[in-house]
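Going line by line, the protein sequences match chains A and B.
Numbering of the first sequence is given in our numbering, commencing with residue 30 and proceeding in unit increments.
Numbering of the second sequence is given in our numbering, commencing with residue 30 and proceeding in unit increments.
For glycine and all other residues, C-beta sits at the position ideal for the given N, C-alpha and C.
These figures come from a predicted structure and were not determined experimentally.
There are 2 protein chains.
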Amino acid sequence: MEKIRIGIMGYGNLGRGIECAVRQNEDMELTAVFTRRNPSSVETVSGTAVYGVDRLLQKKDEMDVLMLCGGSATDLPRQTPEYARHFNVVDSFDTHANIPQHFAAVDQAAREGGKVAMISVGWDPGMFSLNRLYANAILRDGKDYTFWGKGISQGHSDAIRRIPGVKDAKQYTIPVESALASVRACENPDLTTRQKHIRECFVVAQEGADKARIEQEIRTMPNYFADYDTTVHFISEEELLRDHAGIPHGGLVLRTGKTGINGENNHVIEYSLKLDSNPEFTACVLTAYARAAYRMSREGMTGCKTVFDVAPAYLSPMSPEEMREHLL
Amino acid sequence: MEKIRIGIMGYGNLGRGIECAVRQNEDMELTAVFTRRNPSSVETVSGTAVYGVDRLLQKKDEMDVLMLCGGSATDLPRQTPEYARHFNVVDSFDTHANIPQHFAAVDQAAREGGKVAMISVGWDPGMFSLNRLYANAILRDGKDYTFWGKGISQGHSDAIRRIPGVKDAKQYTIPVESALASVRACENPDLTTRQKHIRECFVVAQEGADKARIEQEIRTMPNYFADYDTTVHFISEEELLRDHAGIPHGGLVLRTGKTGINGENNHVIEYSLKLDSNPEFTACVLTAYARAAYRMSREGMTGCKTVFDVAPAYLSPMSPEEMREHLL
Numbered sequence: 030m031e032k033i034r035i036g037i038m039g040y041g042n043l044g045r046g047i048e049c050a051v052r053q054n055e056d057m058e059l060t061a062v063f064t065r066r067n068p069s070s071v072e073t074v075s076g077t078a079v080y081g082v083d084r085l086l087q088k089k090d091e092m093d094v095l096m097l098c099g100g101s102a103t104d105l106p107r108q109t110p111e112y113a114r115h116f117n118v119v120d121s122f123d124t125h126a127n128i129p130q131h132f133a134a135v136d137q138a139a140r141e142g143g144k145v146a147m148i149s150v151g152w153d154p155g156m157f158s159l160n161r162l163y164a165n166a167i168l169r170d171g172k173d174y175t176f177w178g179k180g181i182s183q184g185h186s187d188a189i190r191r192i193p194g195v196k197d198a199k200q201y202t203i204p205v206e207s208a209l210a211s212v213r214a215c216e217n218p219d220l221t222t223r224q225k226h227i228r229e230c231f232v233v234a235q236e237g238a239d240k241a242r243i244e245q246e247i248r249t250m251p252n253y254f255a256d257y258d259t260t261v262h263f264i265s266e267e268e269l270l271r272d273h274a275g276i277p278h279g280g281l282v283l284r285t286g287k288t289g290i291n292g293e294n295n296h297v298i299e300y301s302l303k304l305d306s307n308p309e310f311t312a313c314v315l316t317a318y319a320r321a322a323y324r325m326s327r328e329g330m331t332g333c334k335t336v337f338d339v340a341p342a343y344l345s346p347m348s349p350e351e352m353r354e355h356l357l
Numbered sequence: 030m031e032k033i034r035i036g037i038m039g040y041g042n043l044g045r046g047i048e049c050a051v052r053q054n055e056d057m058e059l060t061a062v063f064t065r066r067n068p069s070s071v072e073t074v075s076g077t078a079v080y081g082v083d084r085l086l087q088k089k090d091e092m093d094v095l096m097l098c099g100g101s102a103t104d105l106p107r108q109t110p111e112y113a114r115h116f117n118v119v120d121s122f123d124t125h126a127n128i129p130q131h132f133a134a135v136d137q138a139a140r141e142g143g144k145v146a147m148i149s150v151g152w153d154p155g156m157f158s159l160n161r162l163y164a165n166a167i168l169r170d171g172k173d174y175t176f177w178g179k180g181i182s183q184g185h186s187d188a189i190r191r192i193p194g195v196k197d198a199k200q201y202t203i204p205v206e207s208a209l210a211s212v213r214a215c216e217n218p219d220l221t222t223r224q225k226h227i228r229e230c231f232v233v234a235q236e237g238a239d240k241a242r243i244e245q246e247i248r249t250m251p252n253y254f255a256d257y258d259t260t261v262h263f264i265s266e267e268e269l270l271r272d273h274a275g276i277p278h279g280g281l282v283l284r285t286g287k288t289g290i291n292g293e294n295n296h297v298i299e300y301s302l303k304l305d306s307n308p309e310f311t312a313c314v315l316t317a318y319a320r321a322a323y324r325m326s327r328e329g330m331t332g333c334k335t336v337f338d339v340a341p342a343y344l345s346p347m348s349p350e351e352m353r354e355h356l357l
């Protein structure tokens, strides 16, 4: 069997996750990892060769799909259009508001290069988006809800760490159970920000720091915490490392809707994820879409694609006959 | 806006559901209902014209998609290949074991006729199949579980009604909560038939019938009940009509799996449906796939398709730009 040759650009949590995911897919093999750091300073979990980013174009013919593992703030807006001229690529661009302009830039580059570029792959955007689309197409008269958590929010944890007197911190986003129950009961609640999620913070204070002031600064921080019911726990560094070292996340997408001649019947569609490792799960989704990018490119397709544009069959290593027999 | 013109072949619960669903889709209109009964004996819920099945081919140019609402046992194996030569069609063929031969027959007919034929659309097969495929493509090292219910099983209710002394009956299939909890906890249980579902029966006995004998016959009925923990309640006809008149159903598809260099992280993907009306929800799914059949046919595609072959974007009435902005 000819294997799909995967390259990884950027070796952080997501890149490591992709390295692990490729090992679980028998029809794929990892060619190389590329980094902007000094390659000799990067050790991969399974001994994959590491090169500086300057070697990327030289190795173009050794890869079928390049996985872009940079951040959405500054890396991907530049990298995805640049690399989509030369490679089939997959990225996890997740700045919702900027997706239209990212799509346009990547689409032009991928068309000019004759490549397939999958953007905004992961779980939100990604699997959650798919579930919103399917549920909306089915239940036309209904209402959508997305809840995140329980899980670590990196941005909110970082915001706490920037407060003077804070040594380290982790922040969990948690759906409000009563809100979820109301949605599932088809009560169609209109939920405020505060009614949907609570925020729980575990903070390691520097010695002698004013904990009351830190707690107050967290609770009143605009955008991040002021609109939420926020709990702050001060714990030791040992406790933080012992009990909060993971990167769990997850969430739920629900749509409730009515059918019948007078809307007399209610329906609930619910999709949920409980993830021990946010980056490893995201990596698994990107890896499945790498298979799709490879196949769609082989069929002659080009341009920017999102999860909405990919027929599910492209994601599975099974043949169409096997899929119909075992999964349908 | 040019509307997608829908025809309905067969006017039972599913056909009525499609009539209601089309009314919820602004880009569609219902052309006609076709029946094997005397058309003058059929009254549609929204006054749609009813014709005998002999008029179907005459009206060919008035419909973009024909919805086949017959049963999987005898209707669809004959109807879908026959009509796929002349119409884009959607069916809900759900005899899993016979899908390969149904696919082959329909594919040949649809290709010869230059039409698109969507088969096995609904929630299982259908949305549950999609969720099995997506979850398997993402979590490669994992285990699948499908639970059905709580809901009415038509086949099991019919089986009870055939027992001498039974006037009427309804049977609910119910997932076993402890089994679900074990799956969600990533314990990867191997579950027997008995461990996954219980069966609860509400039976109206004829006057003077031997209830102990009826209960015994139900509990020991091979294939239907013998392998399950089955509860039998005898109730009055009034109670059956009052409390068990609906056709609710639903269920869950779960996949749990491991990621990481040593499989150290667990993940749970769960999709669930809670449906007040099984046929009306199924009808909504078929209606969304009618939109896809229409669009794929306009793009020149032909042949038999399943939900695996349909890019999600084809299902939504939104433009690609709207989808990316509002759903991604």
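Query: Compare the C-beta of T335 of chain B against all C-beta atoms of chain A and say whether one is closer than 8 Å.; Result: yes
Query: To which residues of the same chain is E141 of chain B closer than 7 Å at the C-beta, ignoring the five residues directly before and after it?; Result: R114
Query: Given this structure, state the Cα-to-Cα distance separating L283 of chain A from F63 of chain B, to the nearest angstrom.; Result: 36 Å
Query: My assumption, with CB atoms under 8 Å, is that Q87 of chain A sits in contact with L97 of chain A. Please give the rounded CB distance.; Result: Contact flag wrong, Cβ pair sits at about 18 Å.
Query: Which same chain residues end up closer than 7 Å to H273 of chain B when comparing Cβ atoms and leaving out the 5 residues on each side of it in sequence?; Result: K199, F231
Query: What did DSSP end up calling I243 of chain B once you bin it into helix, strand or coil?; Result: helix
Query: Enumerate, from N- to C-terminal direction, the unbroken alpha helix (DSSP H) stretches of 4 or more residues contained entirely within the stretch 171–259 of chain A.; Result: 183–190, 206–213, 222–225, 240–248
Query: Please state whether DSSP places H273 of chain A in a helix, a strand or coil.; Result: coil
Query: Assign L270 of chain A to one of two classes, buried (16 or more other C-beta atoms within 10 Å of its C-beta) or exposed (fewer than that).; Result: exposed
Query: Cα separation between M30 of chain A and E58 of chain A?; Result: 11 Å
Query: Note down, in chain order, every chain B residue with its Cβ under 7 Å from the Cβ of C49 of chain A.; Result: T288, G289, I290
Query: Select from A:N294, A:N307, A:G286 the residue whose C-alpha is nearest the C-alpha of K287 of chain B.; Result: A:N307
Query: Can a CB atom of chain A be found closer than 8 Å to the CB of A208 of chain B?; Result: no
Query: Could you tell me which chain E residues have their CB closer than 8 Å to the CB of Q53 of chain A, listed as they occur along the chain?; Result: Protein chains A and B are contained in the structure displayed, whereas chain E is not.
Query: Nearest to T124 of chain B by CA position, among B:K32, B:F132, B:L357, is which residue?; Result: B:F132
Query: With a cut-off of 8 Å, does the C-beta of R140 of chain A fall near any C-beta of chain B?; Result: no
Query: Given this structure, state the Cα-to-Cα distance separating P349 of chain B from V51 of chain A, to the nearest angstrom.; Result: 31 Å
Query: Using the C-alpha atoms, what's the distance from A312 of chain A back to H278 of chain A?; Result: 14 Å
Query: Using a Cβ-Cβ cutoff of less than 7 Å, which residues in the same chain neighbour D258 of chain A once the five nearest sequence positions on both sides are dropped?; Result: R223, I227
Query: At the 8 Å Cβ level, is A322 of chain A part of the contact set with chain B, yes or no?; Result: no
Query: Between which two residues does the alpha helix (DSSP H) holding H131 of chain A run?; Result: 128–142
Query: CA-CA distance, G143 of chain B and M347 of chain B?; Result: 26 Å
Query: For Y300 of chain B, return the contacting residues in chain A, with the cut-off set at a CB-CB distance below 9 Å.; Result: N160, I298, E299, Y300, S301
Query: Where in the stretch 48–135 of chain A do unbroken runs of the beta strand (DSSP E), each at least 3 residues long, occur, reported from the N-terminal end onward?; Result: 57–64, 79–81, 94–97, 117–120
Query: Which residue's Cα is closest to the Cα of Y201 of chain B: B:K240, B:H262, B:M325, B:E354?; Result: B:H262
Query: Would the beta-carbon of Y80 of chain B fall within 8 Å of that of A61 of chain B?; Result: yes
Query: Per DSSP, what kind of secondary structure is M147 of chain A in: helix, strand or coil?; Result: strand
Query: Looking at the unbroken beta strand (DSSP E) that takes in V282 of chain A, where does it start and where does it end?; Result: 278–288
Query: Taking 7 Å as the line, does the beta carbon of I35 of chain B fall inside it for any heavy atom of the ligand GTP?; Result: Among the components of this structure there are no ligands whatsoever, and the ligand GTP is therefore not found.
Query: Would N54 of chain A be called buried (16 or more neighbouring beta carbons within 10 Å of its own) or exposed?; Result: buried
Query: Examine chain A for any beta-carbon lying closer than 8 Å to the beta-carbon of G94 of chain B, and answer yes or no.; Result: Looking at the sequence provided, one finds Val at residue 94 of chain B rather than Gly. Not an interface residue.
Query: Contact between the stretch 294–305 of chain A and the stretch 290–310 of chain B: three or more CB pairs below 8 Å?; Result: yes
Query: For the alpha helix (DSSP H) that I167 of chain B lies in, which residues bound it at each end?; Result: 156–167
Query: Taking 8 Å as the cut-off, decide whether the C-beta atoms of P154 of chain A and G178 of chain A are in contact.; Result: no
Query: Can you find at least 3 beta carbon pairs, one from the stretch 186–200 of chain A and one from the stretch 237–255 of chain A, that sit closer than 8 Å?; Result: yes
Query: For S158 of chain B versus A166 of chain A, is the C-beta distance shorter than 8 Å?; Result: no
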